[in-house]
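Numbering (this note's numbering), first residue to last: 153 to 413.
Glycine is no exception: its CB is placed at the ideal position from the N, C-alpha and C atoms.
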Amino acid sequence: MAKPDTTTTPTTTTTTTTANHALPSLHNPQKNNKQQPQLMMNLPGTREEDCFGWTFDSIEEITTPHAAQQYLQSQVRIRRFDIDSLIRQPRGVGRLAWLYEHMRQVCIELGFYISLLRKECTESRCPVMRAGEATYYCAGHGHPRPCSAIGYAVHTIDYAVQQLSGSSSSSLLATIDAEENQINPGGESLSLKHFQSMVRRLYRIFAHAYFHHRDLFEQQESATYLYARFVRLARKYELTPESLVTIPDLPAAVAAASVAS
């Protein structure tokens, strides 16, 4: 499976800000008052709860080429339960570029999610991709055909990562850059059409977990709010009609206001 870039850049930045010698837990972040240069990469063997250990209060503090990604990752670490703050567009980052960074981060975190899901979502237990009564064919085989639920999830993440990682002049990132700089003003946003297709496919992973692995879904959602963030983004950017939002409600641990459109 192609893995999204979780390290941002393999270099040590000279940016100085509040840092930690021992990375705090995602669920109990703490700051160290000492000013230290931050190494903004996840080293091999880093535990999931210790990923993205860099801390920034504003995007202006970051001078690397990956400022938007690194700022979002720092906010996910320290404010993952405050969805309003997480999706708020920072100054200097375009609306579509901010959506792009969020979708990259969703794919990274879904990679962790799938690693847990596959422990119980086996090919024998879930031989086809279903979400409630609906059955979905997988497009990751050259042409749509039945696929196990875990295979569908892996292939869908691969597809999304490929869409988000392209560097050619026709890539999604190039399309966003052209639209944000109004190189081709007017008309329907081509990048949003790409995001709509991506969101529709990724949503099915959450829906499968909800309808067929409810305990795992609720456990992960209570700890991460990943689905709440994802569906809030989909509503904010109008990436999916409400008729396709099939999960009827969220666990009690997730405030309803967090996913209100």
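Three-state class that DSSP yields for residue i in the structure shown
i	result
residue 283	strand
residue 384	helix
residue 297	strand
residue 389	coil
residue 372	helix
residue 303	helix
residue 362	helix
residue 188	Interpretation of residue 188 is limited by its pLDDT of 47, a score under 50 that renders its predicted location unreliable; no figure is taken from the coordinates.
residue 271	coil
residue 243	coil
residue 228	helix
residue 323	coil
residue 236	helix
residue 357	helix
residue 308	helix
residue 343	helix
residue 377	coil
residue 222	helix
residue 399	coil
residue 349	helix
Nearest-angstrom Cα separation, counted from residue j out to residue i
i	j	result
residue 275	residue 285	18 Å
residue 307	residue 292	6 Å
residue 231	residue 239	11 Å
residue 223	residue 332	20 Å
residue 297	residue 374	33 Å
residue 289	residue 282	9 Å
residue 315	residue 324	6 Å
residue 412	residue 262	Confidence at residue 412 is low in this model, with a pLDDT of 42, below 50, so the placement of that residue is unreliable and no value is reported for it.
residue 379	residue 334	32 Å
residue 304	residue 244	37 Å
residue 287	residue 258	23 Å
residue 354	residue 392	11 Å
residue 135	residue 260	Residue 135 lies beyond the residue range present for the chain, which begins at 153 and ends at 413; the question has no answer from this structure.
residue 369	residue 394	20 Å
residue 278	residue 356	14 Å
residue 242	residue 251	11 Å
residue 358	residue 233	18 Å
Test item: CB-CB of residue i and residue j under 8 Å
i	j	result
residue 365	residue 272	yes
residue 377	residue 347	no
residue 301	residue 280	yes
residue 225	residue 237	no
residue 327	residue 317	no
residue 350	residue 386	no
Opposing strand residues paired with residue i [DSSP bridges]
i	result
residue 259	Note: residue 259 sits in no beta bridge, so no partner.
residue 288	281
Integer-rounded CB distance, given that residue j should sit under 8 Å from residue i
i	j	result
residue 256	residue 221	7 Å
residue 384	residue 266	Incorrect: roughly 21 Å between the Cβ atoms, too far for contact.
residue 309	residue 362	Wrong, their Cβ atoms sit about 18 Å apart, outside the cutoff.
Cβ-heavy atom distance, residue i to the ligand ADP, below 7 Å
i	result
residue 233	The model depicted lacks the ligand ADP and carries no ligand whatsoever.
Contact with chain D by residue i, beta-carbon distance below 8 Å
i	result
residue 376	Judged by its chain identifiers, the structure shown contains no chain D, having just a single protein chain.
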